[in-house]
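Please read the structure below before turning to the comments.
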Amino acid sequence: MGWQDSAWIQRLREISRQMWFRVTLFSLGGVALALLAQWIGPYLPYIPEIELASGSVSSLLNIIASSMLAVTTFSMSIIIGAYGSATNSATPRATELLAMDTVAQNAVSVFIGSFLFSIVGIIGLSAGFYAAQGRVLLFAATLLNILLIVWTLLRWVDHLNRFGRMTDIIGRIETAATNAACLYRDNPRLGARPLPSGLAGDACHVLPKDAGFVRFIDIPALQDAAEKLDIRVEVLRMPGKYVHRHEPLMAVSRDLDQAGADRLRDAFTLGLRRSFDQDIRYGMIVLSEVASRALSAAINDPGTAIDVIRAGGRVLAEYHRPADETHQAVRHDRIHVPELEVRELYREFFSPIVRHGAAEPEVIQALLDSVEALGQGDGDKALTRRIAHEVRVRAVDVLKRNWERRMLQ
Numbered sequence: 004m005g006w007q008d009s010a011w012i013q014r015l016r017e018i019s020r021q022m023w024f025r026v027t028l029f030s031l032g033g034v035a036l037a038l039l040a041q042w043i044g045p046y047l048p049y050i051p052e053i054e055l056a057s058g059s060v061s062s063l064l065n066i067i068a069s070s071m072l073a074v075t076t077f078s079m080s081i082i083i084g085a086y087g088s089a090t091n092s093a094t095p096r097a098t099e100l101l102a103m104d105t106v107a108q109n110a111v112s113v114f115i116g117s118f119l120f121s122i123v124g125i126i127g128l129s130a131g132f133y134a135a136q137g138r139v140l141l142f143a144a145t146l147l148n149i150l151l152i153v154w155t156l157l158r159w160v161d162h163l164n165r166f167g168r169m170t171d172i173i174g175r176i177e178t179a180a181t182n183a184a185c186l187y188r189d190n191p192r193l194g195a196r197p198l199p200s201g202l203a204g205d206a207c208h209v210l211p212k213d214a215g216f217v218r219f220i221d222i223p224a225l226q227d228a229a230e231k232l233d234i235r236v237e238v239l240r241m242p243g244k245y246v247h248r249h250e251p252l253m254a255v256s257r258d259l260d261q262a263g264a265d266r267l268r269d270a271f272t273l274g275l276r277r278s279f280d281q282d283i284r285y286g287m288i289v290l291s292e293v294a295s296r297a298l299s300a301a302i303n304d305p306g307t308a309i310d311v312i313r314a315g316g317r318v319l320a321e322y323h324r325p326a327d328e329t330h331q332a333v334r335h336d337r338i339h340v341p342e343l344e345v346r347e348l349y350r351e352f353f354s355p356i357v358r359h360g361a362a363e364p365e366v367i368q369a370l371l372d373s374v375e376a377l378g379q380g381d382g383d384k385a386l387t388r389r390i391a392h393e394v395r396v397r398a399v400d401v402l403k404r405n406w407e408r409r410m411l412q
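The opening position of the sequence shown corresponds to residue 4 in the working numbering, with each subsequent residue numbered one higher.
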């Protein structure tokens, strides 16, 4: 936990994940590159041979302008199609991860930036904006732009072989959930103290300004505010929890004025949707949704459900992996945070899959293998035994053939 975990860095991170951000940067870069040729051109030496070669720059720019518009439209149709496929075959929550794909964002950004570069260059040539040296520099920039387009196209074509496929979607969800699992493994309670039995009787609650999901908590900022206000803070709504306007976000050890309460609220980022960054339960729920959809009568794909079970097992195994104790020290002594409920984490992942896959012996066997592997490793052995027993009881009630029941023994 550090400066990279502050709320404003988190907001910047969320903005940078959106496609419009990269598209805007590349577009501004393309326009600036075309204009830069005129400003730097007069400082370049005059070479007649290069000037003759630069005479073809207008035709090259026309080719780029016409082709990039078509390629951009085609690429966006593929991306939108992948979103729809993920919504129908996996879960609508997976589209958020597809939208953050950097290869797709870079491809569209390069195509649009190249289109604007060529348009500005064509306009400048038509208006006589470029002198002889400026045309030479524009020609060199056009050649570099063509190389960038070719490299981007090759990467984009290779990426399309995997983009939006079920294995790709499961892998993205697993990665997001694993990142959150490692965060809680290395920083239990996000570096704060465990939640005590209760604050003093004069404790007061701080309410949110608007309802929404808790997406991110800036624990260092909360600690800084608590030190300046000389209070202790109990976080009551962790990332992933939905809070209404009249429900408390936190409890503090004494009454605060409006300015103090606002300072504490600023450490919480609320939104209409959950975020994967500090919410390991969300990642496990989304994985479970993919398995439940695969086990539905409309799709009936036990193989995908088994892949999800193994992915979820890897996430939980990563969470239970022993961490360096030096990283688990309490760094925010005025903040109290509830423990992550491992039992609920297991329940939210395994229970829906058991409910929808109890009639599939292969799915039940994969569930038992995953749970037993966690118990044999660093997981909670009592919890895994209880879950394995519940899985067997549920499956025996549904399976009708003796040979299917024997698979569970």
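No residue lacks a Cβ here, since even glycine has one placed at the ideal position from N, Cα and C.
### Message
Here's the rule I'm using: 16 or more other beta-carbon atoms within 10 Å means buried, otherwise exposed. How should L55 be labelled?
### Response
Note that L55 scores 47 on pLDDT, short of 50, meaning its location in the model is unreliable; the coordinates nonetheless yield the value given after this. Exposed: under 16 other Cβ atoms inside 10 Å.
### Inter-stretch contact (C-beta, 8 Å, three-pair minimum) for the stretch 133-150 and the stretch 251-265
The stretch 133-150, when compared against the stretch 251-265, does not touch it at the 8 Å Cβ threshold.
### Query
Quick one: Cα of L31 to Cα of N109, how far?
The C-alpha of N109 is placed about 14 Å away from the C-alpha of L31.
### Query
What did DSSP end up calling A320 once you bin it into helix, strand or coil?
Residue state, collapsed to three classes: helix.
### Task
Work out the CA separation of F219 and L343 for me, nearest whole Å.
C-alpha separation (whole angstroms): 15 Å.
### Message
For a test of the three-state rule: what should DSSP assign to Y187, helix, strand or coil?
### Response
Here Y187 sits in helix by DSSP.
### Message
Taking only three categories from DSSP, how would you classify F352?
### Response
In the displayed model, F352 falls within a helix according to three-state DSSP.
### Message
Can you tell me whether N91 is buried or exposed? The criterion is at least 16 other CB atoms within 10 Å of its CB, across all chains shown.
### Response
Taking a 10 Å sphere around the C-beta of N91, we find fewer than 16 other C-beta atoms and assign the residue as exposed.
### Query
Tell me which same chain residues have a C-beta within less than 7 Å of the C-beta of R350, skipping the five on either side of it?
There are no such residues.
#### Entry: Beta-bridge pairing of P197 - partner residues as DSSP gives them
In the DSSP assignment, the residues bridged to P197 are V340.
### Query
What are the boundary residues of the beta strand (DSSP E) that includes I125?
No beta strand (DSSP E) holds I125; the alpha helix (DSSP H) holding it covers 105-129.
### Query
Would G243 pass as a contact of I222 if the rule is Cβ separation under 8 Å?
No, the pair does not count as a contact, with Cβ atoms beyond the cut-off.
#### Entry: Nearest-angstrom Cβ-Cβ length linking A180 and M103, presumed shorter than 8 Å
The beta-carbon distance between A180 and M103, rounded to whole angstroms, is 14 Å. This is too long to meet the 8 Å contact definition.
### Message
Between which residues of its own chain and L151 is the CB-CB distance below 8 Å, once the five residues before and five after are set aside?
### Response
Scanning its chain for C-beta atoms nearer than 8 Å, with the 5 sequence neighbours on each side dropped, one finds around L151 the residues V113, S117, in chain order.
### Task
Take every Cβ of the stretch 174-189, pair it with every Cβ of the stretch 206-219, and state whether three or more of those distances are shorter than 8 Å.
Contact between the stretch 174-189 and the stretch 206-219 is absent, because fewer than three Cβ pairs lie under 8 Å.
### Query
Is the beta carbon of S291 less than 8 Å from the beta carbon of F352?
With respect to the 8 Å criterion, S291 and F352 are classified as neighbours on the basis of their beta carbons.
#### Entry: Neighbourhood of A326 by C-beta distance below 6 Å, restricted to the same chain and skipping five residues each side
Here the set comprises R188, D189.
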